[in-house]
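In this note's numbering, the protein residues as written are 1306 to 1866.
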Amino acid sequence: MPSRRRNSRLIVSLLAAVAGYVVAISSSPPASAQPTATPHVVPKPVSMTVGTGDFTITRQTHIVAEPQSAARAVAADLAAYLRPATGYPLPVVSGPGRDSDIRLELGDAPELTPSQAAEGYVLDAGPDGVNLAAGTAHGLFNGIQTIRQLLPSGIESRTTVQGPWTIPAVHIVDYPRYGYRGFMLDIARHFQTPETVMRLIDEASAYKINTLHLHVSDDQGFRIVINGFPNLTDIGSQGSVGTDGRTMDPGGFWTQQDYRDVVAYAAAHFMTVVPEVDSPGHNNAIIMSEYNDTANPLLDGHPQDINCSVNNPPQWNFTGDVGYSALCPESDNSFTIYKAIISQLSAMSTSPNYHVGGDEVPSSLLSQDRYAAFLNTEMPLVTAQGKTPMGWAELAGPGTNPPAGSVAEYWNPASGTSPDTATAHEAVAKNMKIVMAPATHAYLDQKYAPNTPPNLGLTWACNNGCDVDQFYNWDPGSYVTGVTDQNVIGVEGAMWGETVRNLSEIQYMVFPRLIALSEVGWTPQAARDFADFLPRLAAQGPRLTLAGTNFYPSPEVPWPA
Ligand code: TNX
1306 MPSRRRNSRL IVSLLAAVAG YVVAISSSPP ASAQPTATPH VVPKPVSMTV
1356 GTGDFTITRQ THIVAEPQSA ARAVAADLAA YLRPATGYPL PVVSGPGRDS
1406 DIRLELGDAP ELTPSQAAEG YVLDAGPDGV NLAAGTAHGL FNGIQTIRQL
1456 LPSGIESRTT VQGPWTIPAV HIVDYPRYGY RGFMLDIARH FQTPETVMRL
1506 IDEASAYKIN TLHLHVSDDQ GFRIVINGFP NLTDIGSQGS VGTDGRTMDP
1556 GGFWTQQDYR DVVAYAAAHF MTVVPEVDSP GHNNAIIMSE YNDTANPLLD
1606 GHPQDINCSV NNPPQWNFTG DVGYSALCPE SDNSFTIYKA IISQLSAMST
1656 SPNYHVGGDE VPSSLLSQDR YAAFLNTEMP LVTAQGKTPM GWAELAGPGT
1706 NPPAGSVAEY WNPASGTSPD TATAHEAVAK NMKIVMAPAT HAYLDQKYAP
1756 NTPPNLGLTW ACNNGCDVDQ FYNWDPGSYV TGVTDQNVIG VEGAMWGETV
1806 RNLSEIQYMV FPRLIALSEV GWTPQAARDF ADFLPRLAAQ GPRLTLAGTN
1856 FYPSPEVPWP A
């Protein structure tokens, strides 16, 4: 009897095992017969092969990284991304890792060349675990953004939701087309808090954007404390576009500690910060602040000589007008103020570049000679701080001497062989590098469609609207005839601030268009295709919603129901 009972138990358990096996096969698609659909990753990886089977994050999963390595911080980032939705502990540990684990390895990634390894990564996922390898911590960080997108969209939930948390088996080798993939935010036209900017850093870095260009000053406001020049923020920060005599919007400014906190937060998301205080135009707020600063011991007692604006004495103008203010190149006071600004902001910033502005100074205010004289005096102040000058592409114009390797940001909508592309050619002739931000393809402040959205956005570059297709369908390396990837170092989306007042309005203009630009900057041109992009973009909709990111539900995109 005992033996018969043992036998019958054995048979039952064998049957159960077979039954379980059958159930397992029939309930999940047989991987070989039905390969997993290509996962929806944006920006599109350079190469992705979908294999058989999958990997599932469970309560037992560890995130494995060498102790005291830079991989450890990225492992902690991944755990922080995954914990809220899964509710799993996901401890960061060291050791060889098990089949249930996600391993992050810093070191040789033999499938990447040294230049690809600066930001590239190699990701393998399958039933025996996830292995993410990269030559740099930045590469690992890019890889964990891909891991997030390989998981079901529920992973973006801030509260626990039901799994399973499955990643299809994949082999991905990935690295960017351009080293500069920027997002510009104007906190001058309307003040934005450090917290708002940090949220946008979270959101942009998820799509592998690596540069935050902060436009911190313009005619309507100066937004960061500069030691020695308290008027710049005491007087200069107290308005915004549309304040109508400062009654509607009190403006605001950041302390230097606020700025440092944002730079550190960006660095933790592998984004560098490029500060811009525009010059010699776009600075009525500086002129209004310093014009009467006669007692400032750093100035020479007659700072009125900084003003080369239309108005003398200068006056506040809280409209969105441009081109009425300029600093005088003949005034030593102009450069005393700019030296303080440049040295203090440079010392706190992580980007190799410092942006001098240089846009939109009408020749009726400053002749080209005087304009060039201003920038030729200012740029050595930048190089003295160990930074490389960057500016709007007018900086390349006649008479300027940017050091070789300086960066021109090309914003003009003109393309091809149009005479209006002159600034791009001037930049190439001066051995400058170029960041492409043509307004018709990269200005995030332009309306999506006529009268859409009705209350936000400008139209000067996009009379018929600039929707996602417009942001996607262009090639930075052939946009201007004769300006190629020999010259172009990247792309930037510019979120100007005249019409947007808060985070939600900014998000609505930025998303989903910045996601299109992220692919323009990352994915090889030959691998990009709008029809192929749309379903991958559509898959971001639920993720943005769960993350609490407002976005424009563009009718071009087949959003999931
Ligand atoms: C142009 S193009 C500007 C900004 C405005 C923007 C509005 C350029 C470098 N400057 O001053 O905010 O248009 O779209």
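By construction, the Cβ of each residue, glycine as well, lies at the ideal position given by its N, Cα and C atoms.
| Check | Outcome |
| --- | --- |
| Please classify Val1398 as buried or exposed, where buried requires at least 16 other C-beta atoms within 10 Å of its C-beta. | exposed |
| Relative to the C-alpha of Asp1637, which candidate in Gly1663, Ser1648, Ser1614 and Leu1603 has its C-alpha closest? | Leu1603 |
| Taking only three categories from DSSP, how would you classify Pro1865? | coil |
| Report the rounded CA-to-CA distance for Leu1490 versus Pro1685, giving the unit in angstroms. | 25 Å |
| Counting beta carbon pairs with one atom in the stretch 1722-1742 and one in the stretch 1762-1769, are three or more of them shorter than 8 Å? | no |
| May I ask you to verify whether the stretch 1440-1450 touches the stretch 1494-1506, counting CB pairs closer than 8 Å and requiring at least 3? | no |
| Can you confirm whether the stretch 1506-1521 touches the stretch 1610-1624 when touching is taken to mean that 3 or more C-beta pairs between the two stretches lie within less than 8 Å? | no |
| Following the continuous alpha helix (DSSP H) through Gly1826, name the residue where it begins and the one where it ends. | Arg1818 to Trp1827 |
| For Met1576, which of helix, strand or coil comes out of DSSP? | coil |
| For the stretch 1507-1546, which segments carrying the beta strand (DSSP E) assignment without a break, of at least 3 residues, lie completely within its bounds, in sequence order? | 1516-1523 |
| Just list the alpha helix (DSSP H) runs in the stretch 1717-1769, keeping only unbroken ones of 4 residues or longer that don't cross its boundaries, in chain order. | 1727-1734 and 1744-1747 |
| Would you kindly check if the distance between the Cβ of Glu1803 and the Cβ of Gln1546 is under 7 Å? | Gln is not the amino acid found at residue 1546; the sequence shown has Val there. Yes; because the gap between Cβ atoms is below 7 Å, this pair is in contact. |
| Closest to Phe1835 by CA distance: which of Tyr1784, Arg1818 and Tyr1753 is it? | Arg1818 |
| Considering only residues of the same chain and omitting the five flanking positions on each side of Thr1828, which have a CB-CB separation below 6 Å? | Pro1348 and Lys1349 |
| With DSSP run on the structure shown, which of helix, strand or coil describes Arg1848? | helix |
| Does ligand 1 have even one heavy atom less than 6 Å from the beta-carbon of Asp1664? | yes |
| Between the alpha carbons of Thr1599 and Ala1799, how many angstroms are there, rounded? | 36 Å |
| Start and end of the beta strand (DSSP E) containing Gly1798? | Val1793 to Met1800 |
| To test your reading of the DSSP string, which unbroken beta strand (DSSP E) runs of 3 or more residues are found completely within the stretch 1426-1485? | 1426-1431, 1434-1439 and 1470-1479 |
| Considering only C-alpha positions, which residue in the set Ala1438, Gly1628 and Ala1866 is nearest to Thr1850? | Ala1866 |
| Ignore the nearest five residues each way along the sequence and tell me which others in Gly1575's own chain have a CB closer than 7 Å to its CB. | Sequence inspection shows Phe at residue 1575; the Gly mentioned does not correspond to that position. Result list for Phe1575: His1443, Phe1446, Ser1510 and Asn1515, in chain order. |
| Taking only heavy atoms of ligand 1 into account, decide whether any of them is closer than 6 Å to the Cβ of Val1785. | no |
| Given a cut-off of 7 Å on the beta-carbon distance, is the pair Gly1468 and Asp1583 in contact? | no |
| Given 6 Å as the limit, tell me if Trp1827 has its C-beta closer than that to any heavy atom belonging to ligand 1. | no |
| Check whether the Cβ of Leu1761 lies closer than 6 Å to any heavy atom of ligand 1, and answer yes or no. | no |
| From the DSSP output, in three-state form, read off Ala1384 for me. | helix |
| Terminal residues of the continuous beta strand (DSSP E) containing Arg1408? | Ile1407 to Leu1411 |
| Under the criterion of a Cβ to heavy atom distance below 6 Å, does Arg1805 qualify as lining ligand 1? | Looking at the sequence shown, residue 1805 is not Arg but Val. No, ligand 1 has no heavy atom inside 6 Å of this Cβ. |
| Which residues share a DSSP beta bridge with Gly1696? | Ala1713 |
| With three or more beta-carbon pairs closer than 8 Å as the criterion, would you say the stretch 1370-1380 touches the stretch 1430-1442? | yes |
| Would you say Asp1750 touches ligand 1, meaning its beta carbon is less than 6 Å from a heavy atom? | yes |
| Look at the Cβ atom of Thr1722, then the Cβ atom of Thr1786, and state whether they are nearer than 7 Å. | yes |
| Which residues share a DSSP beta bridge with Ala1631? | Gly1586 |
| Would you say Trp1470 touches ligand 1, meaning its beta carbon is less than 6 Å from a heavy atom? | no |
| Three or more C-beta pairs under 8 Å: does that hold for the stretch 1839-1848 against the stretch 1746-1765? | no |
| Please tell me whether Phe1496 and Gly1556 are closer than 7 Å, where the distance is taken between their beta carbons. | yes |
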